[in-house]
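Protein chains in written order, with our numbering: chain A, 4 to 702; chain B, 4 to 702.
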């Protein structure tokens, strides 16, 4: 079969993913919704989440319209091809749609999960996991379908229209598609940052007044911020993450395709990543069937069940890619297969390392818990220290993956083949995203189910089951984050290499020497940007949380009978406050990602821009791991104490651990995960604006 | 006058610095020592500090012996010239001696400062500042004298002995001298890390139990860790800082000299940085005479007095360098002068920015103080956010200084001239170190004077005066740190460039392209190392502080009548515990700096090592600024609350702010300042071991 023959798998599999997601969504909707109280709570969360997304998409639309006009102007000036502004819109639309669908299903699933948990732990798991799977499959289905549609269109278009100067058809197609993920990335950044600010402002605000000051439990219905907290899980961890991984998925595929041309692999090199993604979808769907367990399963067994799904898919993928690459690229390019395997393996190792540093079964988190005995300061120092320590192995593993994939793909003799190897190792890591995202997106649903059970006053054994599901979700979420960060680093490198190829295509050779002072200055600026970005987002969370704190305190004081459970708090007001704050706060950090590379390119030149991208990738990668793992570890240290260690709930140690957890909230759910998007968006912006920057640069 | 004529200034000025320091030391010794109680306390601190340094130098000697043998072996194998092992010893010796002298004077000055403060604020300032000046002038005097002696020796030696292959005399001299700062750097790292761990373990331990748990004031004589805390200020902030800046000073000069040869400036290019340093000494000595104020001076006036000294020296230096460079290098190389000026200016701007972010007169620190109203978690988030934000301008300023000094020195036509420009801008920044270090080293003396006054039960107005001096010291310390970090970045770049020249001299051309995967992997590893290093050092502080906490609690519980002031605590035991812990904990992080570049070079090649150095410089620079400024800002936010804002001392807000301050302690006094040394030591290790790594590298 020719490579174009295999390509038919791409639309088929992406549509299959969507159909299967639809089937799962319908089966969730058929589940028991629980009692009236549960329905009422779920409705409040759903409405809050919708209201947030509506407002967010409205705000983002404005940005998209402005950018569309700018890109249109650039197209008329011949800085970009005419498709770019339109692809910018479609990319943003589908990225947003992925988040929206995931969130809609998640908000329908939380009360159903709680209701199912009344029956058994396993029933709860099934509903929550299905919701996660809808999200995972929607993201990969829409992502791949979007790319395929554009590929077919461009292939048709360039068959009947003149090609751009100095380009053959496949170069024209990939060079246009490379710019397509800018829309998805922009939306992802807004979704991650805005959602991240919302969720953590609500969470921190609710905890600070509720848990710490008033001493009422988490998710207590008397806490006015409790609905906002639950809304936050959905808009941040579900909608934000969906948009984010949509972008990762699309970005890694287009970067690889573009480098495939430079590597001289022709159409086959371009289609391989897409076909691999298609096969990955099948592997993911098969994997979901592995996720089942006995009715009386322990938590360990549940984790094993989820793992079976992920590992099963990975093994299927590892085997299938071997034949795919052999058939499409031919036996002389089997090195590419080993690059894919290096990526898959690196992803798995990073997952294991993340678990080691964040799970309370291991030394680091136990150490943080122990430090809580000497107060909050030592908890903070210990958590930062664990997070910083946890960057070492992932960096070495990614480093090994880079070298392995470069040299295995033939980099020693052909530089561009090596770069193709690095990029495709990222695709390998992300190919089973359908199922890894499912295990990841299941977490917030379980978290919300717990909130629903608590607020509806369900019996303690139900809350205990939802807690078990939630705790499992923390582990998978941490693993998923490690995975997302690792793939982001590889994808960013692919995009940086593609940026260089793009500049070469435009007829300029850059002096990429590390001792080129312009590049060096770019490296410094790039190394600083993730810090600046985190500062902005953390400060935004602090500010927004402060507003929530004031509001919750006000309601506690002013609403008579609230603490006695006789009066209802004004949930909606907290949601409105968090929404408004998130919208306002997300603008500046998001603009940074777009403005910084362009401005650096214009003022200090393309080489500085290249340095900026590399510097930001390196420091962003390290900082993202540190923040994710510090945050995860603090969270689990707190849970470990709540299980009865070091004095248990209510002890001084517990109070100290809550401080750690609160600091960790913006680390792991706002700033950390947004860094992934930041480094990729900057690379894509550099690519899209390359021609423009070249023509106006002062250097 | 020929360039060698000017060179005679170097020994003259360095000896002048030492003579003047001696004069100042004698005049301090003539001051009133205070009452018996004060003398007794000062003696306890002095003995503790000496005991610590003795034990530290003993431990470090072991390391020096091992390294000496290794270097000797390398010299016999022709990997380095025969002088390297000996210069390694002398460098380490003089670096340690600088720290020792500074500390001896400081521990003699604290009670004398307290006694003088009984008379007036101004008298207190004069004694404390004189002590700082002894330190500053000793560092620059010994540093320059050491270099000069070696220069004369090598010049004499190579006049009568055969030159190494492919080298003329001046190349042989500079290439040997380039390796000389390894001894100083190694000692500096041990001093910074060991001293930093000691001081912060004692401080954190004392505060956690004393201030937070028992509710007794800072420096209360009932606190068993209070002497250890005061010892810590001397071994960390004085001895550690002295060794550190000795190293910066020497490192920046030798890197510039080495690049002077590559830039084709001959002997003149080599001697200019040394002669500039000599003139900087004169400028610093003159500057010390500007530091005086009226007897009834306000704190603002005191700060103005210190500033007058620093600014005066800088202006003298700016004028003198113009003529120096014109006479030595000639009118055609005046670009070098503008590079020097760029460095001086960048240093000043970084100082101003640091003050903005860390002083409670400005918004950022006030913002942190305000966040204390919602508890410790928001204080931590706010402080981290301020620290991260504060990295932006220094990075841009250093970036601008790099570009300006590169292009002004003629980088556009001659690459090596440009690199020389970057390196000499670092020398410009450090040329007035004599006085900037004086204002910096004055801080711990004032801090100790406060401790002495508190423990000796002096009247409140004396304590108020020492507090004013201490608070002023915080501002100058923060400014000094910004300065040290900025110069470290420029020096590290100079050393990296010198590493490249060295490899070229050895006959190998590196592929320094940013897209070289080996270099890229090195960049990732380098970007991670500062995080790993900070993790190790912060964890060490946490562990050591934990031991102190346990001991203080034990003494509170077991020593009857202690809290009533009827029994004396066992101060010595806390000193012994902190000493032992610091010695144990400093080994691993220090070895990291030596092992990481060598191992990376051997396993992934010289290009990866180059990437490692660049990555570590970028992320180390950013992280160091962040940690220094977060720490400084937390400290001052706490002080701001203690002045009566947001509820003042004893309020919930104050407790929250103390948590921030405690987290900030290892940030600003252990991990942050050690990073400066780390990045430079790694570069020097790379240079010294270049030939060895080349011959055994796997790549």
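Beta carbons: idealized from backbone N, C-alpha and C, even for Gly.
When only Cα atoms are considered, residue 66 of chain A and residue 280 of chain A end up about 31 Å apart. Look at residue 241 of chain B: its C-beta is not under 8 Å from any C-beta on chain A. Counting the other CB atoms within 10 Å of its CB gives residue 252 of chain A a total of 16 or more, which places it among the buried residues. Per DSSP, residue 589 of chain B lies in no alpha helix (DSSP H) segment and is marked neither H nor E.
Taking the C-beta atoms as reference points, residue 304 of chain A is found no nearer than 8 Å to residue 423 of chain A. Around the CB of residue 671 of chain B, 16 or more other CB atoms lie within 10 Å, so the residue is classed as buried. Contact with chain A is absent for residue 231 of chain B, since none of that chain's Cβ atoms lies less than 8 Å from the residue's Cβ. A contact between stretches requires three or more CB pairs, one per stretch, nearer than 8 Å, and the stretch 117 to 137 of chain B meets this requirement with the stretch 443 to 454 of chain B. Rounded to the nearest whole angstrom, the C-alpha separation of residue 288 of chain A and residue 302 of chain A is 23 Å.
From the listed residues B:618, B:411, B:349 and B:149, the smallest Cα separation to residue 522 of chain B is found for B:618. For the pair residue 660 of chain A and residue 641 of chain A, the Cα-to-Cα distance works out to about 5 Å. Short of 6 Å from the beta carbon of residue 505 of chain A, and not among the five residues preceding or following it, lie these beta carbons of its own chain, in chain order: 690 and 693.
DSSP places residue 516 of chain B within a strand segment (E or B) once states are collapsed to three. Neighbours of residue 456 of chain A in chain B, taken as residues whose beta carbon is under 8 Å from its own, are absent, since the nearest beta carbon is some 27 Å off. Scanning chain A for C-beta atoms nearer than 8 Å to the C-beta of residue 528 of chain B yields 398, 399 and 402, reported in chain order. Against chain B, a Cβ distance below 8 Å from residue 488 of chain A picks out nothing, because the smallest value is about 12 Å. At a cut-off of 8 Å between beta-carbon atoms, residue 615 of chain B makes no contact with chain A. In this chain, the alpha helix (DSSP H) harbouring residue 307 of chain B covers 302 to 331. In this chain, the alpha helix (DSSP H) harbouring residue 374 of chain B covers 366 to 374. Around the beta carbon of residue 567 of chain A, fewer than 16 other beta carbons lie within 10 angstroms, which makes this residue exposed. The stretch 61 to 76 of chain B makes no contact with the stretch 128 to 138 of chain B: fewer than 3 CB pairs, one atom from each, lie closer than 8 Å.
Using a Cβ-Cβ cut-off of 7 Å, residue 395 of chain B is close to 531 and 535 of chain A, given in chain order. Considered as a whole, the stretch 625 to 655 of chain B harbours no complete run of any alpha helix (DSSP H) with no fewer than 4 residues. Across the structure, residue 675 of chain B and residue 355 of chain A are spaced so that their CA atoms are roughly 30 Å apart.
Taking 9 Å as the cut-off between beta carbons, none of the residues of the stretch 315 to 336 of chain B comes near chain A. Its chain contains 338, 341, 342, 345 and 424 as the residues whose beta carbon lies nearer than 7 Å to that of residue 411 of chain B, once the 5 sequence neighbours on both sides are disregarded; these appear in chain order. Contact with chain B is found for residue 383 of chain A, since one of that chain's Cβ atoms lies less than 8 Å from the residue's Cβ. Straight across, the Cα-Cα distance linking residue 408 of chain A with residue 145 of chain A is about 28 Å.
The shortest CA-to-CA distance from residue 513 of chain A to any of A:702, A:470, A:321 and A:483 is the one to A:702. For the options B:438, B:43, B:476 and B:80, the alpha carbon positioned closest to that of residue 284 of chain B is the one of B:438. Annotated three-state conformation of residue 252 of chain B is helix, per DSSP. In this structure, DSSP gives residue 82 of chain A a state outside helix and strand, which the three-state scheme calls coil. Residue 166 of chain A carries a coil assignment under DSSP once its states are collapsed to helix, strand and coil. Residues are counted here when their Cβ sits less than 8 Å from a Cβ of chain B; for the stretch 497 to 521 of chain A these are 499, 500, 503, 515, 516, 517, 518, 520 and 521, given in chain order. Within 7 Å of the CB of residue 392 of chain A, the CB atoms of chain B belong to 535 and 538, in sequence order along the chain. Considering only B:507, B:294 and B:561, the residue with the shortest C-alpha distance to residue 314 of chain B is B:294.
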